[in-house]
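Notes follow the structure.
In our numbering, the protein residues as written are 1 to 487.
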């Protein structure tokens, strides 16, 4: 390649606190009438004073610790001045030169063009800072007017700024996906990009390969999916390359991504820090963050996914693929670990979670297993029923689907639907004799040396028993009867 990309991401995370960052208004504004989750503070009435929500600080420190950051011993808030209709004060309370967290890092595995091959990349975290969200502009409607809804104004955000360490759109996507996993693990946000609780702006420039100096960057906004971020960056690399190839200069600007067209377009000339006229927030003086407070938050951190992955492979013998998939899904990891407390066939649990359970969740468009009716108790009971030959693996697929829909215990479902596996020798022999009589040509093929014919006969026996016959017994009895015919 003649050019290489230099990419840094700014991720805004909406925190899952019950109240806003500087007042007691609810953060649960979704579906509410406009301007009903608002008070004198978040609507910026004269003479009001903000008070920091302690849980916002706790979430910020938790994020910093999870991302290997240094936590500031002293921090402060600043006023970031700009004038949008949905910013009631005419400025945003944010953090500028003394953020709560700095100098962190995040390791990701990036896929190569070779199937199942990856390389590890460590991406620096420049800073994490606390700030308030703006409201929302609503355009159109009666008379083509625009309206302002302040329900979201004052909702707490963390802005997580990466170092410009990413060189490909694929690295940026992996960084975002890993960041989301960690934030969900520490339970500070639902990280739903579609609802705006995880928003990403990308800064991207290109430079000749081997050049150390950065090129002129563009900032891309309006990306609401991991795929969208990757596609926007791919387009922007192509656009900037074409600009340079024409002998022109890339302009520093903010661009919007149009997902439908797959292109970026100019939004406005990019502001710099000087344009925001930062100055310390006079109503919120600087404050100290004690070492005791930080260590208390550290004790609340769960086991991180990378550590969990290593434990799953080392202690439970799970393949890398299984361990990675389960460890990177917080609710699935909790479910898996509850199951294996009472059932030691770790691989069987993993297979069912990644197989039938995942299929049922995909069909129902559910991505959190805790939101389903399947419980660890019910899954383990079903696996034990397979082990003791009460049901077959095929019948179990029917059982797990019923559990997913009703939440009933497997034993009750089996009883209700008459799904008990047939393990009676005499019944199975009777079924096989019927199959042999009904498929004389296939039997003749087997007798003549075509061993593959046996598979068809096994399938017919299972079909005749409506999937209830013990597959192992069917195979054994059928093998015995067929060998008699070959003699």
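Cβ atoms here follow ideal geometry from the backbone N, Cα and C, with glycine treated the same way.
All values reported here derive from a predicted model rather than from experimental measurement.
Self-check item: Presumed contact (8 angstroms Cβ cut-off) between residue 8 and residue 203, rounded CB distance
Solution: Start at 1 with the first residue of the chain shown, and residue 8 comes out as number 8. Start at 1 with the first residue of the chain shown, and residue 203 comes out as number 203. At roughly 5 angstroms, the Cβ-Cβ gap stays under 8 angstroms, so residue 8 and residue 203 are in contact.
Exercise. Kindly confirm or deny that the segment 276 to 292 and the segment 69 to 81 touch, where touching means at least three C-beta pairs closer than 8 angstroms.
Key: yes
Quiz item: Taking the alpha helix (DSSP H) that residue 90 falls in, what are its first and last residues?
Solution: Here residue 90 is taken as the residue at index 90 of the chain shown, counted from 1. Premise fails: residue 90 is in no alpha helix (DSSP H) and is neither H nor E.
Exercise. Less than 8 angstroms between the CB atoms is what I'm expecting for residue 316 and residue 346, so what's the real figure, rounded?
Key: Taking the first residue of the chain shown as 1, we reach residue 316 at position 316. Taking the first residue of the chain shown as 1, we reach residue 346 at position 346. About 4 angstroms; that satisfies the 8 angstroms criterion.
Quiz item: Mind pulling the alpha helix (DSSP H) runs of 4 or more residues that sit fully within the segment 308 to 386?
Solution: 320 to 327, 330 to 340, 346 to 352 and 358 to 363
Quiz item: Buried or exposed: where does residue 169 fall if 16 or more other Cβ atoms within 10 Å of its Cβ makes it buried?
Solution: Translated into the one-based positions of the chain shown, residue 169 becomes position 169. Buried, because 16 or more other Cβ atoms sit within 10 Å of the Cβ of residue 169.
Quiz prompt | Neighbourhood of residue 248 by C-beta, 8 angstroms cutoff - its chain only, sequence neighbours within 5 removed | solution = Within the chain shown, the letter at position 248 stands for residue 248. Closer than 8 angstroms at the Cβ level, and outside the excluded window around residue 248, lies no residue.
Quiz prompt | Beta-carbon proximity list for residue 460, same chain, < 7 angstroms, skipping 5 on both sides | solution = Numbered from 1 along the chain shown, position 460 holds the residue referred to as residue 460. Result list for residue 460: 435 and 439, in chain order.
Quiz item: residue 105 to residue 184, Cα distance in whole Å?
Solution: As a position in the chain shown, residue 105 is number 105, starting the count at 1. As a position in the chain shown, residue 184 is number 184, starting the count at 1. In a straight line, the C-alpha of residue 105 is about 17 angstroms away from that of residue 184.
Quiz item: Counting along the chain, where does the alpha helix (DSSP H) carrying residue 64 start and finish?
Solution: Here the question's residue 64 lines up with position 64 in the chain shown. Run containing residue 64: 54 to 66, per the alpha helix (DSSP H) assignment.
Quiz prompt | Sub-8 angstroms separation of residue 360 and residue 401 beta-carbons | solution = Your numbering for residue 360 matches position 360 in the chain shown. Your numbering for residue 401 matches position 401 in the chain shown. Yes. Within cutoff.
Quiz prompt | Three CB pairs or more closer than 8 angstroms across the segment 251 to 268 and the segment 218 to 231 | solution = yes
Practice problem: Can you tell me the Cβ-Cβ gap for residue 318 and residue 350, rounded? I've got them flagged as a contact below 8 angstroms. | Solution: Taking the first residue of the chain shown as position 1, residue 318 is located at position 318. Taking the first residue of the chain shown as position 1, residue 350 is located at position 350. Rounded, the Cβ-Cβ distance is 6 angstroms, consistent with contact.
Quiz item: Taking Cβ positions only, does residue 239 come closer than 8 angstroms to chain B?
Solution: Absent from the structure: chain B. Only one protein chain is present.
Quiz item: When you compare only the Cα positions, how much space is there between residue 65 and residue 468?
Solution: Counting from 1 along the chain shown, the entry for residue 65 is found at position 65. Counting from 1 along the chain shown, the entry for residue 468 is found at position 468. Answer to the nearest angstrom: the Cα atoms are 53 angstroms apart.
Quiz item: Ends of the alpha helix (DSSP H) at residue 240?
Solution: Position 240 of the chain shown, counted from the start, is the residue given in the question as residue 240. Residues 226 to 245.
Quiz prompt | Inside the segment 161 to 223 only - alpha helix (DSSP H) runs reaching at least 4 residues | solution = 169 to 185
Self-check item: Contact belief for residue 163 with residue 124 at Cβ below 8 angstroms, rounded distance in angstroms
Solution: Taking the chain shown and counting its residues from 1, one reaches residue 163 at position 163. Taking the chain shown and counting its residues from 1, one reaches residue 124 at position 124. Their Cβ separation, rounded to whole angstroms, is 3 angstroms, which keeps residue 163 and residue 124 in contact under 8 angstroms.
Quiz prompt | Under the three-state DSSP convention, the category residue 114 falls into | solution = By 1-based counting over the chain shown, the position of residue 114 is 114. Of the three classes helix, strand and coil, the one that applies to residue 114 here is coil, per DSSP.
Exercise. Please look up how many angstroms separate the CB atoms of residue 148 and residue 137, rounded, as I've assumed it's under 8 angstroms.
Key: In the chain shown, the residue the question calls residue 148 occupies position 148. In the chain shown, the residue the question calls residue 137 occupies position 137. Sure, about 6 angstroms apart at Cβ, within 8 angstroms.
Self-check item: In DSSP terms, what residue 105 is bridged to
Solution: Stepping through the chain shown from its first residue, residue 105 is reached at position 105. In the DSSP output, where bridge partners are listed per residue, residue 105 has 124.
Quiz prompt | Given 8 angstroms, three or more beta-carbon pairs between the segment 85 to 100 and the segment 115 to 134 | solution = yes
Quiz item: For the putative contact between residue 69 and residue 42, defined by C-beta atoms under 8 angstroms, what is the C-beta separation to the nearest angstrom?
Solution: Mapped onto the chain shown, residue 69 falls at position 69. Mapped onto the chain shown, residue 42 falls at position 42. The pair is not a contact, with the Cβ atoms about 28 angstroms apart (cut-off 8 angstroms).
Quiz item: For the putative contact between residue 181 and residue 328, defined by C-beta atoms under 8 angstroms, what is the C-beta separation to the nearest angstrom?
Solution: What you label residue 181 is simply residue 181 of the chain shown in a count that begins at 1. What you label residue 328 is simply residue 328 of the chain shown in a count that begins at 1. The Cβ separation is near 5 angstroms, so the contact holds.
Practice problem: Would you grab the beta carbon distance between residue 229 and residue 173 for me? Rounded to a whole angstrom, and I think it's under 8 angstroms. | Solution: Counting from 1 along the chain shown, the entry for residue 229 is found at position 229. Counting from 1 along the chain shown, the entry for residue 173 is found at position 173. About 6 angstroms separates the two Cβ atoms, so the contact holds.
Quiz item: Do residue 404 and residue 376 have their C-beta atoms closer together than 8 angstroms?
Solution: Locating residue 404 in the chain shown gives position 404, counting from the first residue. Locating residue 376 in the chain shown gives position 376, counting from the first residue. No, the Cβ-Cβ distance between residue 404 and residue 376 is not below 8 angstroms.
Exercise. Can you grab the Cα-Cα spacing for the pair residue 437 / residue 383, in whole Å?
Key: Your numbering for residue 437 matches position 437 in the chain shown. Your numbering for residue 383 matches position 383 in the chain shown. Distance between the alpha carbons of residue 437 and residue 383: 35 angstroms.
Quiz item: Taking the alpha-carbon positions, what's the residue 10 to residue 466 distance?
Solution: Against the chain shown, residue 10 aligns to sequence position 10. Against the chain shown, residue 466 aligns to sequence position 466. Cα to Cα, residue 10 sits roughly 57 angstroms from residue 466.
Quiz item: Got a sec? Which residues, its chain only, sit under 8 angstroms from residue 454 by beta carbon, not counting five neighbours each side?
Solution: The residue given as residue 454 occupies position 454 in the chain shown. Result list for residue 454: 446, 478, 479 and 482, in chain order.
Exercise. Evaluate residue 45 with the Cβ neighbour count: other Cβ atoms within 10 Å of its Cβ, from every protein chain shown; 16 or more gives buried, anything less gives exposed.
Key: Within the chain shown, the letter at position 45 stands for residue 45. It counts as exposed.
Exercise. Using the Cα positions of residue 51 and residue 17, report the straight-line distance between them to the nearest angstrom.
Key: Here residue 51 refers to the residue found at position 51 when the chain shown is read from its first residue. Here residue 17 refers to the residue found at position 17 when the chain shown is read from its first residue. One C-alpha to the other measures close to 15 angstroms.
Quiz item: Between residue 29 and residue 199, which are expected to be in contact by the criterion C-beta below 8 angstroms, what is the C-beta distance as a whole number of angstroms?
Solution: As a first step, residue 29 must be located in the chain shown, where it is residue number 29. As a first step, residue 199 must be located in the chain shown, where it is residue number 199. With 8 angstroms as the limit, residue 29 and residue 199 do not qualify as a contact, their Cβ atoms being about 16 angstroms apart.
Self-check item: Proximal residues to residue 491 (C-beta, below 7 angstroms), its chain only, five neighbours per side dropped
Solution: In the structure as shown, the chain starts at 1 and stops at 487, and residue 491 therefore has no counterpart that could be examined.
Practice problem: Pick out whichever of 108, 91, 84 and 80 has its Cα sitting closest to the Cα of residue 67. | Solution: Position 67 of the chain shown, counted from the first residue, corresponds to residue 67. That would be 108, whose Cα lies nearest to the Cα of residue 67.
Quiz item: residue 88 and residue 47: beta carbons closer than 8 angstroms?
Solution: On the chain shown, residue 88 is found 88 positions in, with the first residue counted as 1. On the chain shown, residue 47 is found 47 positions in, with the first residue counted as 1. Against a cut-off of 8 angstroms, the Cβ pair of residue 47 and residue 88 comes out as no contact.
Quiz item: residue 439 lies in the beta strand (DSSP E); which residues open and close that run?
Solution: Here residue 439 is taken as the residue at index 439 of the chain shown, counted from 1. It is not in any beta strand (DSSP E) - residue 439 carries neither H nor E in the DSSP assignment.
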